[in-house]
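Have a look at the structure below before the remarks.
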Ligand SMILES: [Zn+2]
């Protein structure tokens, strides 16, 4: 973490772990636990280390691909998926919605459908063992996947309500061409899946409007650049469009100058529902709990504010009513206990 993030006591940190959370913006391949990736690398006779910093986003992308490249079988993939769910359980996550990109493993491991099934089945198994509800956000990369975007949407639709809870779009070169994915989004929405789009990270407010207007997105991954438009802030607040923000990632990739200057508190103050997320906990070495620690120690927010970030996660439509109730009662109990501080 950067020097801005004051350290809190082990007790305070433990209490933030205990706060029940939804983790809604976590790319599967960038979120596997480090020990699991290192164990897989060792089996290939390789070493895996995380760089201490990235020169720019392009260097980050180069590194990102090295993890899927280590995966040589469906069992390798299943093992990493299970390890992720168990690691998230230890962070107090009750609902995990990993962004999955089966296209990073197919056709090496099989068809898109086969790889998706491997992931969903591993999630189900780990969910039964850990108590974490998992719903996958099957994600199209808008920098790369135009030709297969409808295929990916059809696979998402086929598993809607049975392991897949959202159709996502991700990509760094985001503004100005999301409309090319309208057909994919239509297929997802027709199957009852919410569309969750990356926007308002490198792109300005117009990229968020494009995601809402062209794709019918109901949640935005990042979205922090909405603070540049009062009109858009009003719209997000009025329509309860959740922004799944990732403070550590934004600073690590240079799209926000510092944690102290992150716009998330301003988004919340405008009435926009905001959740806190790690994006790629493997690469940025910070968990979802660390994002809450930043909210407390850098943004100086109190426990009610932290609870509001956690509660915003209940607006994720893929979450079951049972988990929604668990999260709401768990957050209320956390507040009543004075969060252990
Ligand atoms: Zn992301």
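In my numbering, the protein residues as written are 1452 to 1792. From the three backbone atoms N, C-alpha and C, an ideal C-beta is built for every residue, glycine too.
Practice item. Please report the residue range of the beta strand (DSSP E) in which residue 1549 lies. Key: Where residue 1549 is concerned, the enclosing beta strand (DSSP E) starts and stops at 1544 to 1551.
Practice item. Would you check whether ligand 1 has a heavy atom nearer than 7 Å to the C-beta of residue 1685? Key: It does not: the Cβ of residue 1685 is nowhere closer than 7 Å to a heavy atom of ligand 1.
Review point. Three or more beta-carbon pairs under 8 Å between the segment 1468 to 1484 and the segment 1515 to 1522, yes or no?
Key: A contact is defined here as three or more CB-CB pairs under 8 Å, and the segment 1468 to 1484 meets this definition with respect to the segment 1515 to 1522.
Point to revise | Closest by C-alpha distance to residue 1743, when choosing among 1515, 1734, 1753 | key: The residue with the shortest Cα to Cα distance from residue 1743 is 1753.
Check your understanding: In the DSSP assignment, what residue or residues form a beta bridge with residue 1708?
Key -> None, per the DSSP bridge assignment.
Review point. Are at least three pairs of beta-carbons, each pair with one atom in the segment 1581 to 1590 and one in the segment 1541 to 1550, less than 8 Å apart?
Key: Three or more Cβ pairs drawn from the segment 1581 to 1590 and the segment 1541 to 1550 lie within less than 8 Å of each other, which places the two stretches in contact.
Check your understanding: Taking the C-alpha atoms as reference points, what is the distance between residue 1772 and residue 1497?
Key -> Going from the Cα of residue 1772 to the Cα of residue 1497 covers about 44 Å.
Check your understanding: residue 1524 CB to nearest chain C CB: under 8 Å?
Key -> Absent from the structure: chain C. Only one protein chain is present.
Exercise for review: Please go through the same chain and pick out, in chain order, the residues whose beta-carbon is closer than 6 Å to the beta-carbon of residue 1470, but skip the five residues on each side of it.
Suggested key: Beyond the five residues adjoining it in sequence on each side, residue 1470 comes within less than 6 Å, by CB distance, of 1543, 1761, 1785 in the same chain, given in chain order.
Exercise for review: Compute the Euclidean distance between the alpha carbons of residue 1410 and residue 1788, then round it to the nearest angstrom.
Suggested key: Residue 1410 cannot be examined here, being either before or after the span of the chain that is shown, 1452 to 1792.
Check your understanding: Nearest-angstrom Cα distance between residue 1720 and residue 1517?
Key -> Each residue's Cα considered, the two are about 39 Å apart.
Point to revise | Boundaries of the beta strand (DSSP E) in which residue 1621 is found, first to last residue | key: Residue 1621: member of the beta strand (DSSP E) spanning 1615 to 1621, first to last residue.
**Study point:** Secondary structure of residue 1497, DSSP reduced to three states
**Key:** Note: residue 1497 maps to coil in three-state DSSP.
Point to revise | Cβ pair residue 1694, residue 1723 closer than 8 Å | key: Inclusion of residue 1694 and residue 1723 in the CB contact set at 8 Å is warranted, their separation being smaller than that value.
Exercise for review: With ligand 1 as the reference, list in chain order each residue whose Cβ lies under 6 Å from any of its heavy atoms.
Suggested key: Qualifying residues come out as 1476, 1478, 1621, 1649, 1672, 1730.
Review point. Do the segment 1658 to 1675 and the segment 1708 to 1718 touch if we need at least three Cβ pairs shorter than 8 Å?
Key: Output reads yes: the segment 1708 to 1718 touches the segment 1658 to 1675.
**Study point:** 8 Å Cβ cutoff met for residue 1594 and residue 1622
**Key:** It is a contact, given that the beta carbons lie within the stated cut-off.
Exercise for review: Quick one: using the 10 Å Cβ neighbour count with 16 as the cut-off for buried, is residue 1554 buried or exposed?
Suggested key: It counts as buried.
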